[in-house]
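Novice:
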Amino acid sequence: MIGYDAEPDAVRAALACVSAAGLQGVVHIEKRSLAEVEAPSGLTGLVVCNPPWGERLGNRRELESLYAALGRQLREHFVGWEAALLCGDTSLGRSLGLRARKRNVLHDGPIECQILRIDVHEPKPRPLGADGKPEPAPVRERSEGARSFANRLSKNKKKLRAWSKREGVSCYRLYEADIPEYNFAVDLYEAADTGLLHAHVQEYAPPDTVDEGDARRRRGEALAVIREDLGLTRERVHIKRRERQKGAKQYAKLDDSGNEFAVREGPARLWVNLDDYLDTGLFLDHRPVRAKLREAAAGKQVLNLFCYTASVSVHAALGRASSTTSVDLSRIYLEWAARNFALNGLACVGPEEDQGYRRSRPAHELIRDDALEWIREQGSRRWDLIFCDPPSFSNSKRMRGTLDVQRDHVEIIHRCAALLRPQGQLWFSTNLRKFKLDIEGLDGLVVEELSGTIPPDFARNKTIHRCWVITRRG
Ligand SMILES: C[S@@+](CC[C@H](N)C(=O)[O-])C[C@H]1O[C@@H](n2cnc3c(N)ncnc32)[C@H](O)[C@@H]1O
Numbered sequence: 001m002i003g004y005d006a007e008p009d010a011v012r013a014a015l016a017c018v019s020a021a022g023l024q025g026v027v028h029i030e031k032r033s034l035a036e037v038e039a040p041s042g043l044t045g046l047v048v049c050n051p052p053w054g055e056r057l058g059n060r061r062e063l064e065s066l067y068a069a070l071g072r073q074l075r076e077h078f079v080g081w082e083a084a085l086l087c088g089d090t091s092l093g094r095s096l097g098l099r100a101r102k103r104n105v106l107h108d109g110p111i112e113c114q115i116l117r118i119d120v121h122e123p124k125p126r127p128l129g130a131d132g133k134p135e136p137a138p139v140r141e142r143s144e145g146a147r148s149f150a151n152r153l154s155k156n157k158k159k160l161r162a163w164s165k166r167e168g169v170s171c172y173r174l175y176e177a178d179i180p181e182y183n184f185a186v187d188l189y190e191a192a193d194t195g196l197l198h199a200h201v202q203e204y205a206p207p208d209t210v211d212e213g214d215a216r217r218r219r220g221e222a223l224a225v226i227r228e229d230l231g232l233t234r235e236r237v238h239i240k241r242r243e244r245q246k247g248a249k250q251y252a253k254l255d256d257s258g259n260e261f262a263v264r265e266g267p268a269r270l271w272v273n274l275d276d277y278l279d280t281g282l283f284l285d286h287r288p289v290r291a292k293l294r295e296a297a298a299g300k301q302v303l304n305l306f307c308y309t310a311s312v313s314v315h316a317a318l319g320r321a322s323s324t325t326s327v328d329l330s331r332i333y334l335e336w337a338a339r340n341f342a343l344n345g346l347a348c349v350g351p352e353e354d355q356g357y358r359r360s361r362p363a364h365e366l367i368r369d370d371a372l373e374w375i376r377e378q379g380s381r382r383w384d385l386i387f388c389d390p391p392s393f394s395n396s397k398r399m400r401g402t403l404d405v406q407r408d409h410v411e412i413i414h415r416c417a418a419l420l421r422p423q424g425q426l427w428f429s430t431n432l433r434k435f436k437l438d439i440e441g442l443d444g445l446v447v448e449e450l451s452g453t454i455p456p457d458f459a460r461n462k463t464i465h466r467c468w469v470i471t472r473r474g
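In this text, residue positions in the sequence shown follow full-length UniProt numbering: the first is 1, and each later residue adds one.
Set out below in structure tokens:
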């Protein structure tokens, strides 16, 4: 018996059960994603699977694509096998694209579910055309809108190709609501290990005047174009709906897939997750800022406030910063940050680790705290380079008050400036569109806007962020 799960925690729990039951050597457990599961060669048998039902995990569209992927994996790798799948509802079962030989209805508390018994057969060959070759699958006629969307994707791809090749950029924005009716942002992420492309599609919520049915149709069309024209399987198109969100909701978990993969950015490798949160772990528009900071960091002590997954700190460390200190409120993002350091072969000390016995400070440290409080408490410690990129608004329960970057930036900037060594620099960045820097409030400081931080893939959106370099006068 062989068992697979993509989630390391589930694999660990399963191994513990196998061992408790004394079944080592009989039951083999391995970490594998669905796409990696294949039948042991030369054998046939029974595949049993209890995929998520949507009662607890996953949202509907993602579940449908998971069931479709399961069906495809069975058809491609398990011909001649039998499958018994425990499904939460009939319509999800339909997404498998496999006919059940038998259905057993069961009740799990209030949920009616069924075991689908499936014999996995060879796919029926396509009918042969006049030339004796299998006829191509019928192509659905595209609407005029879908054709314009497809043209724009292809045009943008051509336009960005030379640049992305030359600069070695493997993750970039391909489309940003270029056609108002197709109100999406499409970002491409290339997995470093496999070279496989993934599309992260964010649908901007349409105004109330747009008919929900029309919006749904266009979403379907756009997803089909993205899959077909970029040659992506369903599982590699990750769609999210982006509404104006404030504070904690923006960082809330959407799913629990744990589907992470590493991408390359210059000399760095960074983990991204395109399913479980609204953001992916890497803000692509900040790519040039990270590169500039990496170049500026050599020999410097760097402080990264509101560090998120610490991609900036990893770049600084790869640029030979003498130390990095990364502060964020979120345990989840700091754990992610620690994995980013590890992925680059850099040792760092996380917030949960006991630092009491260390004689000297670690070169790279992660600190879990409210950055606003933390900067007030730093006494005599100073830094050469501070990167501060606060959220526009935050009202996390772990904070005393709230953070509003427009309201609070003068105080934050002064407090950060006070933590600089005499020649030190503060890089202050914000993505609040209507942000107005209060120059008058920043007396005693020299403020210069950093140019060249908007990359060609965000050319349509020149105010996606702004970034200033701030030093102390004299
Ligand atoms: C916009 S992200 C910062 C992006 C990051 N600078 C980057 O370049 O990838 C905002 C981050 O601020 C964190 N955050 C929100 N309020 C905070 C607070 N009061 N103190 C520290 N971190 C906070 C969130 O957990 C989140 O990781």
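Glycine is no exception: its CB is placed at the ideal position from the N, C-alpha and C atoms.
Counting pairs of beta carbons, one from the stretch 199 to 208 and one from the stretch 217 to 235, are three or more of them closer than 8 Å?
Specialist: Output reads yes: the stretch 217 to 235 touches the stretch 199 to 208.
Novice: Would you call the stretch 415 to 435 and the stretch 382 to 399 touching, i.e. three or more CB-CB distances under 8 Å?
Specialist: Contact holds: three or more Cβ-Cβ distances are below 8 Å.
Novice: Quick one: using the 10 Å Cβ neighbour count with 16 as the cut-off for buried, is D457 buried or exposed?
Specialist: The residue given as residue 457 occupies position 457 in the sequence shown. Flag for D457 reads buried.
Novice: Would you kindly work out how many angstroms separate the C-alpha atoms of W336 and N156, rounded to a whole number?
Specialist: On the sequence shown, position 336 is the one that residue 336 refers to. On the sequence shown, position 156 is the one that residue 156 refers to. Near 32 Å, if we compare the C-alpha coordinates of N156 and W336.
Novice: Leaving out five residues before and five after L419 in sequence, what residues of the same chain have Cβ atoms less than 8 Å from its Cβ?
Specialist: Position 419 of the sequence shown holds residue 419. So the qualifying residues of the chain are L303, I375, Q378, R381, R382, W383 and I386.
Novice: Using a threshold of 7 Å, is the CB atom of C307 nearer than that to any non-hydrogen atom of ligand 1?
Specialist: Along the sequence shown, read from residue 1 onward, the residue named residue 307 stands at position 307. C307: yes, Cβ under 7 Å from ligand 1.
Novice: When the Cβ atoms of the stretch 119 to 128 are set against those of the stretch 141 to 158, are three or more pairs found closer than 8 Å?
Specialist: With a cut-off of 8 Å, the stretch 141 to 158 and the stretch 119 to 128 do not count as touching, because too few Cβ pairs lie within range.
Novice: For the candidate residues E38, G345, T309 and L318, whose alpha-carbon lies nearest to that of L329?
Specialist: Here residue 329 refers to the residue found at position 329 when the sequence shown is read from its first residue. Among E38, G345, T309 and L318, the Cα nearest to that of L329 is on T309.
Novice: Buried or exposed, going by whether 16 or more other CB atoms sit within 10 Å of the CB of K240?
Specialist: Counted from its first residue, the sequence shown places residue 240 at position 240. Per the 10 Å Cβ criterion, buried.
Novice: Would you grab the beta carbon distance between T471 and V446 for me? Rounded to a whole angstrom, and I think it's under 8 Å.
Specialist: If you number the sequence shown from 1, residue 471 lands on position 471. If you number the sequence shown from 1, residue 446 lands on position 446. The Cβ separation is near 5 Å, so the contact holds.
Novice: R421: buried (16+ other C-beta within 10 angstroms of its C-beta) or exposed?
Specialist: For this step, residue 421 is matched to residue 421 along the sequence shown. Answer is exposed; the Cβ neighbour count stays below 16.
Novice: What number of angstroms, rounded off, separates the C-alpha of R103 from the C-alpha of L96?
Specialist: Counting from 1 along the sequence shown, the entry for residue 103 is found at position 103. Counting from 1 along the sequence shown, the entry for residue 96 is found at position 96. Spanning the two alpha carbons is a distance of roughly 14 Å.
Novice: By DSSP, does A268 sit in helix, in strand, or in coil?
Specialist: For the purposes of this step, residue 268 is taken as residue 268 along the sequence shown, with counting starting at 1. Looking at A268 - three-state DSSP - the assignment turns out to be strand.
Novice: Tell me whether the beta-carbon of A185 lies closer than 8 Å to the beta-carbon of E176.
Specialist: As a working mapping, residue 185 is identified with position 185 in the sequence shown. As a working mapping, residue 176 is identified with position 176 in the sequence shown. Closer than 8 Å, so yes.
Novice: Considering I239, what are the terminal residues of the beta strand (DSSP E) in which it resides?
Specialist: Numbered from its first residue, the sequence shown carries residue 239 at position 239. Here the beta strand (DSSP E) through I239 covers V237 to R242.
Novice: Leaving out the 5 sequence neighbours to the left and right, which residues in its chain are closer than 8 Å to D276 when beta-carbon positions are compared?
Specialist: The residue you call residue 276 lines up with position 276 of the sequence shown. So the qualifying residues of the chain are K253, L254, D255, D256, S257, G258 and N259.
Novice: Over the uninterrupted alpha helix (DSSP H) stretch that includes I118, give me the two end residues.
Specialist: To locate residue 118, count along the sequence shown from 1; it is residue 118. Where I118 is concerned, there is no enclosing alpha helix (DSSP H), although the beta strand (DSSP E) it sits in stretches over I111 to D119.
Novice: Roughly how many angstroms separate the alpha carbons of A342 and M399, rounded to a whole number?
Specialist: Here residue 342 refers to the residue found at position 342 when the sequence shown is read from its first residue. Here residue 399 refers to the residue found at position 399 when the sequence shown is read from its first residue. The alpha-carbon atoms of A342 and M399 are separated by roughly 29 Å.
Novice: Counting Cβ pairs closer than 8 Å, one from the stretch 106 to 122 and one from the stretch 84 to 91, do we hit at least three?
Specialist: With a cut-off of 8 Å, the stretch 84 to 91 and the stretch 106 to 122 count as touching, because enough Cβ pairs lie within range.
Novice: Check whether the Cβ of M399 sits closer than 7 Å to any heavy atom of ligand 1, and report yes or no.
Specialist: As a first step, residue 399 is located in the sequence shown; it is residue number 399 there, counting from the start. Yes, Cβ of M399 sits closer than 7 Å to a heavy atom of ligand 1.
Novice: Look at the alpha carbon of L46 and the alpha carbon of E235, and state the distance between them as a whole number of angstroms.
Specialist: Along the sequence shown, one-based indexing puts residue 46 at 46. Along the sequence shown, one-based indexing puts residue 235 at 235. Near 24 Å, if we compare the C-alpha coordinates of E235 and L46.
Novice: Nearest CA to the CA of W53: which residue from T44, L66 and S41?
Specialist: Counting from one through the sequence shown, the residue named residue 53 turns up at place 53. Checking every option, the nearest Cα to that of W53 belongs to L66.
Novice: I'd like the span of the alpha helix (DSSP H) that includes S313, first residue to last.
Specialist: Taking the first residue of the sequence shown as position 1, residue 313 is located at position 313. Unbroken alpha helix (DSSP H) run through S313: S311 to L318.
Novice: Going by DSSP in three states, I412 sits in which element: helix, strand or coil?
Specialist: Indexing the sequence shown from 1 puts residue 412 at position 412. In this structure, I412 counts as helix in the three-state DSSP scheme.
Novice: In chain order, what residues of the same chain have a beta carbon less than 6 Å from the beta carbon of A321, not counting five sequence neighbours either side?
Specialist: Within the sequence shown, the letter at position 321 stands for residue 321. So the qualifying residues of the chain are A297, K300 and V302.
Novice: As a quick exercise: from P207, L346 and P288, pick the residue whose alpha carbon is nearest that of Y182.
Specialist: As a working mapping, residue 182 is identified with position 182 in the sequence shown. Cα-wise, what sits closest to Y182 is P207.
Novice: Nearest to L187 by alpha carbon, out of V105, T233, L282 and P40?
Specialist: Looking up residue 187 in the sequence shown gives position 187. According to the sequence as given, residue 187 is Asp; it is not Leu. Among V105, T233, L282 and P40, the Cα nearest to that of D187 belongs to L282.
Novice: For ligand 1, is there a heavy atom less than 7 Å away from the beta-carbon of P51?
Specialist: Against the sequence shown, residue 51 aligns to sequence position 51. The answer is no for P51.
Novice: Give me the Cα-Cα distance between G441 and Y204, rounded to the nearest whole angstrom.
Specialist: Position 441 of the sequence shown, counting from 1, holds the residue named residue 441. Position 204 of the sequence shown, counting from 1, holds the residue named residue 204. Taking the straight line from one Cα to the other gives about 35 Å.
Novice: Short check: CB of residue 476 to CB of Q425, under 8 Å?
Specialist: Here the chain covers residues 1 to 474 and nothing more, so residue 476 does not appear.
Novice: Answer yes or no: do V263 and E190 have a C-beta to C-beta separation smaller than 8 Å?
Specialist: As a first step, residue 263 must be located in the sequence shown, where it is residue number 263. As a first step, residue 190 must be located in the sequence shown, where it is residue number 190. Taking 8 Å as the Cβ cut-off, V263 and E190 qualify as a contacting pair.
Novice: Taking the alpha-carbon positions, what's the R101 to R466 distance?
Specialist: Translated into positions along the sequence shown, residue 101 becomes position 101. Translated into positions along the sequence shown, residue 466 becomes position 466. Using only the alpha carbons, I get a separation of about 60 Å.
Novice: So, at 7 Å on beta carbons, what are the nonlocal neighbours of S164 in its own chain, with the 5 sequence-adjacent residues on each side left out?
Specialist: In the sequence shown, counting from the first residue as 1, residue 164 sits at position 164. Y172.
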